[in-house]
Amino acid sequence: MAGRVQSAIAYGKEHPYGEFATEETVNKVSLEDAKKFYQTYFNPNNAYLVIIGDVDTKAVKKLVKKHFNSWEKGAQVLTNWKNPVTASQATINFIDMPNAVQSEVSVQNVVKLQMKDPDYLPTLMANRILGGGGSARLFQNLREDKAYTYGSYSSIGNSKYVPSRFRAYASVRNAVTDSAAVQILEEIQKITSEPVTQKELDAAKATYVGNFVMALERPSTIANYALNIETEGLSKDFYKTYLERINAITIADVQQAAGKYFSTENTQVVVTGKGKEVLENLEKMTFQGKKLPVKYFNTNADQVEKPEYKMELPAGVTAQSVIDLYLDAIGGRTVLEKVKTVAIFASGEVQGMALNFQLVRTSDNQFMQNIEMMGRSMSKQVFNGENGYAMMQGQKMDFNPQQAAMIKDEAQPFYELHLDPEVISLEGIEKIDGENAYKVKVSGNRVAFYNVASGQKVQEVTTTEMMGQTIESTMKFGNYKEASGIMFPFYLGQMMGPQLIEFNIDKVEVNSGVTAEDFN
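16 is the number of the first residue of the sequence shown in this note's numbering; add one for each residue after it.
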């Protein structure tokens with residue numbers, strides 16, 4: 016989602032590079048639209064045929080003529096896309112994602128860069144030094160020095176038809192969102208105003224020389240080079256002199272290219288994240304002594320008003336009243352207290368691979384969760400009421416006392432039945448998937464969200480400390496249906512970092528089907 020909105024903000028939603036598909040736009044596409052597109056663009060006017068190999072040219076031409084001679088030319092395709100407008104000043108563009116566990120930060124500006132431009136190769140060197148890999152400046156600063164992220168990079172495109180985009184980006188923790196944006200801006204400013212070192216330039220050259228030489232081993236590379244010469248208006252010796260021109264690049268060439276194409280003055284700082292946690296500091300953010308103005312967008316890249324996060328609680332609502340409303344909504348205390356075991360079976364997929372999910376809870380504080388892929392357990396947690404273990408792809412690790420205590424707290428089929436009114440607290444109202452939800456802190460490391468209108472639980476966020484970092488695990492609930500007289504969520508969504516893994520419940524068993532062997 017962040018990527019599509021970044022493109023839309025850079026180019027505009029009406030531009031091919033900024034347009035993105037939605038359910039509404041996809042449903043509007045007809046068979047006639049597809050036919051028209053095919054007839055307009057799939058014709059010899061827009062086609063190139065590149066053949067590489069030990070072939071006879073005359074024989075190939077005969078075959079091409081035989082098989083393609085009847086392919087009729089179409090009308091000339093005219094493009095009248097409106098070029099994107101360069102930002103008049105550095106601006107923060109914020110997209111609120113209430114459920115985000117990290118922020119996506121992209122500092123970007125549009126550029127007019129073509130492969131045939133004299134400064135094309137120096138620009139590649141500048142980008143390599145800035146954000147081209149683990150040894151580049153962005154990575155060394157934001158990851159190795161500041162520990163804001165797992166990686167920070169940059170990229171720059173080229174096109175002879177329309178402006179392309181330069182961007183420097185990172186996925187960072189909520190708490191350091193504004194700091195990360197400032198560091199990215201500072202690295203861009205540094206490479207545009209100060210010479211790079213000879214060591215950095217030599218390393219960048221070595222990377223491109225090595226990649227060029229290795230690529231020549233693939234026949235497809237020669238085909239791509241031939242196509243580039245034809246389509247990009249390159250000189251016939253563009254690739255013959257490639258290494259020579261790479262090695263001739265100077266430090267001054269790199270600084271000049273960076274100053275021309277990388278911008279901190281006419282740039283868009285696009286941040287997608289949890290506004291309740293990051294927006295206050297973003298609105299205070301300054302760069303080179305100037306406060307950056309903030310614009311607000313929704314997930315469809317439409318400019319909107321500033322999100323409102325402080326919602327007044329209704330009179331008389333307490334943490335316990337929210338919990339009571341939830342328990343009533345799913346069946347009532349009397350019914351729920353009779354439940355001894357619950358077994359949930361679900362299915363889902365990730366990257367096209369089928370997943371099976373099983374979750375078992377008992378009133379004796381026993382717990383088992385197992386995720387299988389292609390019949391093999393990928394992730395399993397087992398707790399017998401006193402101790403247990405976690406297993407990841409065959410690697411078993413026993414729970415330490417802290418982990419065991421956390422599992423025990425959530426092992427009950429409906430832990431809300433046993434919450435201490437003196438411990439839980441009502442933290443406010445937040446938007447969850449566009450609807451108001453009460454936020455209740457149910458333990459030291461867990462908060463739960465209950466829909467204001469229905470009372471149903473819609474999300475839980477559990478916080479753990481691992482290797483000095485705070486990690487949030489988010490579970491989403493929805494599509495409540497009745498099973499054995501109780502309303503269960505038949506949709507589960509597990510946030511794994513930035514990825515949402517969705518499960519649909521196939522079966523719920525209450526007070527049956529659970530044995531002691533499930534917790535071995």
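Where is the CB? At the ideal position from N, CA and C, for every residue including glycine.
Could you check if L145 is buried or exposed, using at least 16 other CB atoms within 10 Å of its CB as the buried criterion?
buried
I need the straight-line Cα distance from G400 to D533, nearest angstrom please.
Each residue's Cα considered, the two are about 12 Å apart.
Terminal residues of the beta strand (DSSP E) in which G166 lies:
T164 to I171
Could you name the residues that DSSP lists as bridge partners for I516?
Q509
Under three-state DSSP, which class holds Y63?
Looking at Y63 - three-state DSSP - the assignment turns out to be coil, as it is neither helix nor strand.
L128 versus Q54: straight-line alpha-carbon distance, rounded:
31 Å
Proximal residues to H30 (C-beta, below 7 Å), its chain only, five neighbours per side dropped:
W96, K97 and P99
What residues are listed by DSSP as bridge partners for S179?
BP columns for S179 point to V126.
Determine the burial state of E431: buried for a count of at least 16 other Cβ atoms within 10 Å of its Cβ, exposed for fewer.
buried
Exposed or buried, A49, counting other C-beta atoms within 10 Å across all chains shown (16 or more means buried)?
exposed
Going by the beta-carbon positions, is the gap between A369 and Y276 smaller than 9 Å?
no
Tell me, please, whether the region 208-215 touches the region 186-197 by the rule of three or more beta-carbon pairs shorter than 8 Å.
no
Residue burial classification, V293 (beta-carbon count within 10 angstroms, cutoff 16):
Classification for V293: buried.
Give me the Cα-Cα distance between T287 and N526, rounded to the nearest whole angstrom.
44 Å
If the criterion is Cβ atoms closer than 9 Å, does the pair V65 and L242 meet it?
yes
Residues in the same chain with beta-carbon distance under 8 Å from A151, minus the five sequence neighbours each way, listed in chain order, please.
Here A151 has R143, I144, L145, Y168 and S169 as same chain residues with Cβ atoms under 8 Å from its own Cβ, once five neighbours each way along the sequence are excluded.
Count the other C-beta atoms from every protein chain shown that fall within 10 angstroms of the C-beta of I486, then say buried if there are 16 or more, exposed otherwise.
exposed
What first and last residue would you give for the alpha helix (DSSP H) that runs through E47?
That run of the alpha helix (DSSP H) goes L46 to Y56.
If you compare alpha carbons, which of L200, I266, S235 and T333 is closest to Q283?
L200
Counting C-beta neighbours from all protein chains within 10 Å, is the total for P416 16 or more, i.e. buried, or is it exposed?
exposed
Pick from I439, D69 and N114: whose alpha carbon is nearest that of P234?
D69
Should E38 go down as buried or exposed, given a rule of 16 or more other Cβ atoms within 10 Å for buried?
That one is exposed.
Would the region 400-414 and the region 435-453 be scored as touching if the rule is three or more Cβ pairs under 8 Å?
With contact defined as three or more Cβ pairs closer than 8 Å, the region 400-414 and the region 435-453 are not in contact.
Here's the rule I'm using: 16 or more other beta-carbon atoms within 10 Å means buried, otherwise exposed. How should T265 be labelled?
exposed
Ignore the nearest five residues each way along the sequence and tell me which others in L258's own chain have a CB closer than 7 Å to its CB.
V224 and F227
Would you identify the three-state DSSP class for N402, choosing helix, strand or coil?
coil
List the whole-angstrom C-beta distance separating G290 from P322, where the pair is believed to meet the contact cut-off of C-beta under 8 Å.
Confirmed, Cβ separation roughly 5 Å.
Closer than 6 Å by C-beta to K537: which residues in its own chain qualify, once you throw out the five before and the five after it? Chain order, please.
One cannot answer for residue 537 here, as it falls past the ends of the chain, which runs 16 to 535.
Assuming A452 and V467 are in contact, meaning their beta carbons sit under 8 Å apart, how far apart are those beta carbons, in whole angstroms?
6 Å
Roughly how many angstroms lie between the CA atoms of V350 and M502, to the nearest whole one?
11 Å
Please report the straight-line C-alpha distance between M490 and I516, rounded to a whole angstrom.
10 Å
The alpha helix (DSSP H) spanning F6 covers which residue range?
Here the chain has residues from 16 to 535 only, and residue 6 is not among them.
T94: beta carbon under 8 Å from a heavy atom of the ligand MN?
For the structure depicted, the ligand MN is absent and the ligand set is empty, with no information on it obtainable.
Anyone know if the C-beta pair for I520 and A316 falls short of 9 Å?
no
Out of T101, Y163 and T222, which has the shortest C-alpha to C-alpha gap to G147?
T222
Which of helix, strand or coil does DSSP assign to M140?
helix
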